[in-house]
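In mature numbering (1 follows the signal peptide of the UniProt record, and there is no 0), the protein residues as written are -25 to -1, 1 to 172. Below is one structure, written out as structure tokens; the observations come after it.
Below, the structure is given as structure tokens:
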């Protein structure tokens, strides 16, 4: 993903996020950001389960993750995957999925939210059509068990296998940089000295 797409977009619906991702030729069906040179030690993989109208999620992404990202994006310290399904429910009706979001119908709808204009035809068509519906279902299946949102999981890779480390929510939410630096297995970059590990 290009640096200009590294800006975190949180107040959009699942289908819209997926359609924007496809429109920018990202390699997967999730909004993902990767830091730095991929030839160095493997970065910590961070996954955030969130909801677009959840006040706590908005606060965490705007006040913790978003300010930290520009400081670490070139350090190969972590990747970020945002899964905007949270506590929503889904059921299949005919050939479509129907979604019920925790914070009401507006959380499930594709609307104009800040930097993205719903009037962009390609994104709007995708978000409101079958493709957007299927992408939203895909995110639902990727959203694992969680106690609340925002729910943060960190995972690290060791040698030839992936060692999953699920970090308690409160540690990654209270001090994200400290927790990422603690989990990272490569040489600690200078920014980790600020993390009080």
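Glycine is no exception: its CB is placed at the ideal position from the N, C-alpha and C atoms.
Between residue i and residue j, how many whole angstroms is the CB-CB distance? I'm expecting something under 8 Å.
{"i": "residue 59", "j": "residue 99", "result": "Not a contact, Cβ separation roughly 18 Å."}
{"i": "residue 19", "j": "residue 131", "result": "5 Å"}
{"i": "residue 126", "j": "residue 24", "result": "4 Å"}
{"i": "residue 75", "j": "residue 29", "result": "The Cβ separation is near 15 Å, so there is no contact."}
Buried or exposed, going by whether 16 or more other CB atoms sit within 10 Å of the CB of residue i?
{"i": "residue 118", "result": "buried"}
{"i": "residue 123", "result": "exposed"}
{"i": "residue 68", "result": "exposed"}
{"i": "residue 81", "result": "exposed"}
{"i": "residue 149", "result": "exposed"}
{"i": "residue 31", "result": "exposed"}
{"i": "residue 107", "result": "buried"}
Expressed to the nearest angstrom, what Euclidean distance is found between the alpha-carbon atoms of residue i and residue j?
{"i": "residue 54", "j": "residue 21", "result": "6 Å"}
{"i": "residue 165", "j": "residue 155", "result": "13 Å"}
{"i": "residue 116", "j": "residue 73", "result": "14 Å"}
{"i": "residue 16", "j": "residue 71", "result": "42 Å"}
{"i": "residue 101", "j": "residue 114", "result": "15 Å"}
{"i": "residue 39", "j": "residue 33", "result": "10 Å"}
{"i": "residue 52", "j": "residue 95", "result": "34 Å"}
{"i": "residue 44", "j": "residue 167", "result": "14 Å"}
{"i": "residue 41", "j": "residue 109", "result": "28 Å"}
{"i": "residue 104", "j": "residue 159", "result": "40 Å"}
{"i": "residue 64", "j": "residue 153", "result": "33 Å"}
{"i": "residue 120", "j": "residue 37", "result": "24 Å"}
{"i": "residue 66", "j": "residue 161", "result": "43 Å"}
{"i": "residue 157", "j": "residue 62", "result": "29 Å"}
{"i": "residue 163", "j": "residue 48", "result": "14 Å"}
{"i": "residue 144", "j": "residue 169", "result": "21 Å"}
{"i": "residue 97", "j": "residue 111", "result": "17 Å"}
{"i": "residue 50", "j": "residue 129", "result": "17 Å"}
So who's on the other strand from residue i, going by DSSP bridges?
{"i": "residue 105", "result": "DSSP, once it has assigned bridges, lists no residue as partnering residue 105."}
{"i": "residue 110", "result": "DSSP output for residue 110 lists no bridge partner at all."}
{"i": "residue 126", "result": "24"}
{"i": "residue 19", "result": "53"}
Q: With a floor of 4 residues, list each alpha helix (DSSP H) that falls wholly inside the region 37 to 80, ordered by position along the chain.
A: 41 to 47
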